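Encoded as structure tokens, the structure appears first; notes follow it.
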Amino acid sequence: MTKLEYLKESPSQTAGPYVHIGCTPNFIGNMGIFKEDLGARMVNEQTNGQRITIKGRVFDGTGTPLKDAMLEIWQADSEGLFNSPSETRGDADPNFTGWGRQPVNLETGEFCFETVKPGSVPFPDGRVQAPHINFWIVARGINIGLNTRMYFPEEEEANAADPVLGRIEHRVRVPTLIAKQSGDTYTFDIYIQGENETVFFDI
Amino acid sequence: MRQGSEMSKPTTNAGPFFPRDRNWHPQALSPNYKTSVLRSPQKALLSFGNTISETTGPVFGQNMLGELDHDLVLNYAKPGESALGERIIVHGHVLDEEAKPVPNALVEVWQANAGGRYRHKKDGYLAPLDPNFGGCGRVITDENGYYAFRTIRPGPYPWPNGVNDWRPSHIHFSLFGSGFAQRLITQMYFEGDPHIPMCPIVRTINDPEAIEMLVAKLDMNHTVPMDARAYRFDMVLRGRRSTMFENRMEGN
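Keeping their order, the protein sequence lines are chains A and B. Residue numbers for the first sequence follow the UniProt record's numbering, beginning at 1 and rising by one. Residue numbers for the second sequence follow the UniProt record's numbering, beginning at 1 and rising by one.
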């Protein structure tokens, strides 16, 4: 028998409480090394699409907001294209990075992203995915980054037909992935565990 | 910032990633690392095959890097001064699970100073701050997947987990590949450090071979005589399947 030789992925380790030193040094006042924290700005004046703000907090099993978490988001532009060399369907909006990184506020635990509402993108079988934003969360005590998605409450029809949301067997958990809307501001609170535990993904 | 203008051509096509071996990675709940108890999901993760939302990801270009981003000995130091401690070079190869080099991978690092103190307002450890050491740096792998940076060896330090838990000397690594599903944060330890097998964070990993992957080896061939010792630290990101019918399979 031929033995298949593959390498193993480097195992994950917690980002620890001081992830800011490496990823958002200016945020904690360590100035002068990097001009600007990477991922701090996703849009500029020329970015196409509907401007939105995404806010939220990440809660632990007691309902206490994490104050040392860092979140990254990845999303399509307003036309549904990703600003990535792996995007083969066309050219994404050059004025939109599609990727953002924000630490939570050290006192309140709140995060905030200024971005645009994404267009929809296809599922591998050709069905359409509802507009969504990919989230990745790291913090002290999180041994491997948590993946989830945020969906939009006004997209009821698209959400109902979304192939990923459709995979959630326990339908009572679907709302954990749907933000709350107030004008152009969406609130997406993430519960790591407990009754309202957010659906996290193995992607 | 416009990432697009800094990007280079894809070197792999946008196929889905190999599934993650969740038993090889640390379990979310590992009670000896106490903070994980309330910060670990209790319900099963939802699995689904990668979509274009996961196979794409941001890629960064060399032109985002400052001149001293890869040199932690100097990048926070006053002119003519440098950080205190054992000077080291950390270098290695970033590969995927098929042993293919990962070019253009952004590698961000952060660490404590030689005394084991972090430049962070929340770190109150009594070791002094080094006025010439900031503790962060970044590099991007070259076209063959290699990276190198210069720093000082971080000190071990105590932390409030058990009554007498110490972290081994370590450097934090944050890695980007070519797709968002490859995102990884890990830590590098130093060969021969007796704290490695005692550390509750190291021990969130069950398999000794997996732990071994995080231990950098002293590399005397790459030392700079009378200056800096070298440590070799290779890392592996998830591999990708070719998309058989949509794209030409590269290298096939």
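Virtual Cβ for every residue (Gly too), placed ideally from N, Cα, C. The structure displayed is predicted, hence computed values, not measured ones.
Handout entry: Alpha carbon of V90 of chain B to alpha carbon of D165 of chain B, nearest angstrom
Key = Taking the second sequence and counting its residues from 1, one reaches residue 90 of chain B at position 90. Taking the second sequence and counting its residues from 1, one reaches residue 165 of chain B at position 165. The straight-line gap from Cα to Cα measures roughly 26 angstroms.
Exercise for the section: Verify whether the separation of the beta carbon atoms of N143 of chain A and Y33 of chain B is less than 9 angstroms. Expected result: Looking up residue 143 of chain A in the first sequence gives position 143. Looking up residue 33 of chain B in the second sequence gives position 33. The answer is yes: Cβ separation under 9 angstroms.
Practice task
For my contact list, G134 of chain B and T151 of chain B are in at a C-beta cut-off of 8 angstroms; report their separation, rounded to the angstrom.
Solution key: As a first step, residue 134 of chain B must be located in the second sequence, where it is residue number 134. As a first step, residue 151 of chain B must be located in the second sequence, where it is residue number 151. In fact, because the Cβ distance is near 10 angstroms, the residues do not count as touching under 8 angstroms.
Handout entry: Beta-carbon neighbours of K8 of chain A, restricted to chain B and to distances below 8 angstroms
Key = Here residue 8 of chain A refers to the residue found at position 8 of the first sequence. The contacting residues are D21, W24, E97, E209, A210, M213 and V236.
Problem - Within chain B, partners of I134 of chain A - CB distance below 8 angstroms - result: Indexing the first sequence from 1 puts residue 134 of chain A at position 134. The question names Ile, but residue 134 of chain A in the sequence shown is Asn. S53, E54 and F180, listed in chain order.
Practice task
Enumerate, from N- to C-terminal direction, the unbroken alpha helix (DSSP H) stretches of 4 or more residues contained entirely within the stretch 133-221 of chain B.
Solution key: 208-212
Handout entry: Distance between beta carbons of V94 of chain B and L237 of chain B, contact taken as under 8 angstroms
Key = Taking the second sequence and counting its residues from 1, the one referred to as residue 237 of chain B is at position 237. Taking the second sequence and counting its residues from 1, the one referred to as residue 94 of chain B is at position 94. Right, the Cβ-Cβ distance comes to about 7 angstroms (below 8 angstroms), so this counts as a contact.
Problem - Chain-ordered chain A contacts of E143 of chain B [CB-CB under 7 angstroms] - result: Position 143 of the second sequence, counted from the start, is the residue given in the question as residue 143 of chain B. Those within 7 angstroms of E143 of chain B in chain A number zero; the least Cβ separation is about 14 angstroms.
Problem - Outcome for Q42 of chain B when other beta-carbon atoms lying within 10 angstroms are tallied against a minimum of 16 - result: As a position in the second sequence, residue 42 of chain B is number 42, starting the count at 1. Exposed, by the Cβ-count rule.
Handout entry: Closest Cα partner of Q75 of chain A within the set B:L29, B:S178, B:V109 and B:I52
Key = Taking the first residue of the first sequence as position 1, residue 75 of chain A is located at position 75. The candidate whose alpha carbon is nearest that of Q75 of chain A is B:I52.
Handout entry: Contact residues within the stretch 145-179 of chain B, judged by C-beta distance below 7 angstroms to chain A
Key = H172, S174, S178 and G179
Exercise for the section: Rank A:M1, A:G141, A:K180 and A:I168 by C-alpha distance to the C-alpha of L29 of chain B and give the top, closest one. Expected result: Reading the second sequence from its first residue, position 29 is the one you call residue 29 of chain B. The shortest Cα separation from L29 of chain B among A:M1, A:G141, A:K180 and A:I168 belongs to A:G141.
Practice task
Would you verify that the beta carbon of residue 211 of chain A is, or is not, closer than 9 angstroms to some beta carbon of chain B?
Solution key: Lying before the first or after the last residue shown, residue 211 of chain A is absent from chain A, which here runs from 1 to 203.
Handout entry: Segment limits, alpha helix (DSSP H) that includes H93 of chain B
Key = For the purposes of this step, residue 93 of chain B is taken as the residue at position 93 of the second sequence. Premise fails: H93 of chain B lies in the beta strand (DSSP E), R87 to D96, not in any alpha helix (DSSP H).
Problem - Residue range of the unbroken beta strand (DSSP E) whose run includes S182 of chain A - result: Locating residue 182 of chain A in the first sequence gives position 182, counting from the first residue. First-last of the beta strand (DSSP E) with S182 of chain A: K180 to S182.
Exercise for the section: Give a yes or no on whether the minimum CB-CB distance between D123 of chain B and chain A is below 9 angstroms. Expected result: Along the second sequence, read from residue 1 onward, the residue named residue 123 of chain B stands at position 123. Yes - at least one Cβ of chain A is within 9 angstroms of the one on D123 of chain B.
Problem - Terminal residues of the beta strand (DSSP E) in which H132 of chain A lies - result: Here residue 132 of chain A is taken as the residue at index 132 of the first sequence, counted from 1. That run of the beta strand (DSSP E) goes H132 to V138.
Exercise for the section: With DSSP as the reference, label S47 of chain B as helix, strand or coil. Expected result: Working through the second sequence from its first residue, we reach residue 47 of chain B at position 47. S47 of chain B falls in the strand class under three-state DSSP.
Practice task
Quick one: residues in its chain with C-beta nearer than 6 angstroms to the C-beta of T215 of chain B, no 5 flanking neighbours on either side, listed in chain order?
Solution key: Against the second sequence, residue 215 of chain B aligns to sequence position 215. For the sequence presented, residue 215 of chain B should be read as Val rather than Thr. Y189 and E191.
Practice task
Measure from the C-beta of P11 of chain A to each C-beta in chain B and report whether the shortest distance is under 9 angstroms.
Solution key: Translated into the one-based positions of the first sequence, residue 11 of chain A becomes position 11. Yes, contact with chain B.
Practice task
Flag this pair as yes or no: are the beta carbons of E110 of chain A and K180 of chain A separated by less than 9 angstroms?
Solution key: On the first sequence, residue 110 of chain A is found 110 positions in, with the first residue counted as 1. On the first sequence, residue 180 of chain A is found 180 positions in, with the first residue counted as 1. No, the Cβ-Cβ distance between E110 of chain A and K180 of chain A is not below 9 angstroms.
Exercise for the section: Mind checking who R149 of chain A pairs with in its DSSP beta bridge? Expected result: Looking up residue 149 of chain A in the first sequence gives position 149. Paired residues: A:N134.
Practice task
For the alpha helix (DSSP H) holding I21 of chain A, just list the boundary residues, first then last.
Solution key: For this step, residue 21 of chain A is matched to residue 21 along the first sequence. Note, I21 of chain A: alpha helix (DSSP H), V19 to C23.
Exercise for the section: Round the Cβ separation of K8 of chain A and A210 of chain B to the nearest angstrom and send it over; I've been treating them as touching at under 8 angstroms. Expected result: Indexing the first sequence from 1 puts residue 8 of chain A at position 8. Indexing the second sequence from 1 puts residue 210 of chain B at position 210. Right, the Cβ-Cβ distance comes to about 7 angstroms (below 8 angstroms), so this counts as a contact.
Handout entry: Alpha-carbon spacing of C23 of chain A relative to M1 of chain A, whole angstroms
Key = For this step, residue 23 of chain A is matched to residue 23 along the first sequence. For this step, residue 1 of chain A is matched to residue 1 along the first sequence. Each residue's alpha carbon lies about 46 angstroms from the other.
Problem - Near-chain A residues of the stretch 99-131 of chain B - C-beta to any C-beta below 7 angstroms - result: A99, E108, V109, W110, Y118, R119, H120, K121, K122 and D123
Exercise for the section: Kindly list, in the order they appear in chain B, the residues whose Cβ is closer than 9 angstroms to that of A139 of chain A. Expected result: Position 139 of the first sequence, counted from the start, is the residue given in the question as residue 139 of chain A. Chain B residues near A139 of chain A: T35 and R39.
Problem - Selection of the stretch 57-68 of chain B by Cβ proximity to chain A, strictly under 9 angstroms - result: G57, P58, V59, F60, M64, G66 and L68
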